[in-house]
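Peer 1: I have a structure here, written as structure tokens, and I will follow up with some questions on it.
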Amino acid sequence: KFYFEVQVKEKTDWTLGVARESNDRKGEITLSPNNGYWSVALRNGNEYEACADPPVSLPLRVKPQRVGVFVDYEEGLVSFYDVESSSHIYSYTDQPFTGKLYPYFSPGSNNGGQNSAPLVITKDYRIPKTQDSKNAIETVSIMRRALSTVHAHWLISAEK
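What follows is the structure in structure tokens.
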């Protein structure tokens, strides 16, 4: 089990989630669980979707500023949350994971400077194996408070 958060504020286009290590990353990538990608995306500043097959439109009332991604490998679960509002965005359930999974990020194209804000990926949190998925989010909340003074960020810019 693991959890990470990505700051997406001031972005008009982004995709984030997890990807299977064995994915072929050359050429055009089709994001879907069948291709080893479990992700959600923002397009055109206000169109949210789960990159499933077919894509699932996500009618979010509030534009997330920070998105949390929780993965429970053994349960076949990838869940996305709006961190500030503590609301659920989308979950992929009963997924037949094989091999290692890694975070996946795409800041989107710069779009003439309209999408130039960076994605900021915060430190990831490892969840003890003994904890079930229901209690894991509470554990993550406690861990986030404890690590709130840690300033270890990776910065990914949309600039090419």
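Each position in the sequence shown, counted from 1, maps to that position plus 14 in the working numbering. Note that beta-carbon positions come from the ideal geometry of N, C-alpha and C, so glycine has one too.
Helix, strand or coil for Pro78 per DSSP?
Peer 2: coil
Peer 1: How would you call Val76, buried or exposed, if buried means at least 16 neighbouring beta carbons within 10 angstroms?
Peer 2: exposed
Peer 1: Please name the residue in Pro78, Lys40, Trp28, Tyr106 whose C-alpha comes closest to that of Ser100.
Peer 2: Pro78
Peer 1: Near Lys23, what residues of its chain come up, given a Cβ to Cβ distance below 8 Å and the 5 sequence neighbours on each side ignored?
Peer 2: Contacts found: Gln79, Arg80, Ala131.
Peer 1: What does the alpha-carbon distance come out to for the pair Leu74 and Gly41?
Peer 2: 31 Å
Peer 1: Could you check if Ser71 is buried or exposed, using at least 16 other CB atoms within 10 Å of its CB as the buried criterion?
Peer 2: exposed
Peer 1: Applying the 10 Å Cβ sphere with the 16-neighbour rule, what's the burial state of Lys114?
Peer 2: Exposed.
Peer 1: Using a Cβ-Cβ distance cut-off of 8 Å, determine whether Ser93 contacts chain D.
Peer 2: Among the chains of the structure shown, chain D does not appear; only one protein chain is present.
Peer 1: Identify whether Pro47 lies in helix, strand or coil by the three-state DSSP scheme.
Peer 2: In the structure shown, Pro47 falls within a helical segment according to DSSP collapsed to helix, strand and coil.
Peer 1: Look at the Cβ atom of Val92, then the Cβ atom of Tyr106, and state whether they are nearer than 8 Å.
Peer 2: yes
Peer 1: Checking 8 Å against the spacing of the C-beta atoms, do Thr112 and Phe18 come in under that value?
Peer 2: no
Peer 1: So, helix, strand or coil for Arg57, using DSSP?
Peer 2: strand
Peer 1: Could you tell me the alpha carbon to alpha carbon distance between Asn48 and Glu89, rounded to whole angstroms?
Peer 2: Annotation: Asn48 to Glu89 spans about 17 Å, alpha carbon to alpha carbon.
Peer 1: To the nearest angstrom, report how far apart Tyr87 and Pro121 are at their CA atoms.
Peer 2: 25 Å
Peer 1: Drop a sphere of 10 angstroms on the beta-carbon of Gly50, count the other beta-carbons inside from all chains shown, and report buried for 16 or more, exposed for fewer.
Peer 2: buried
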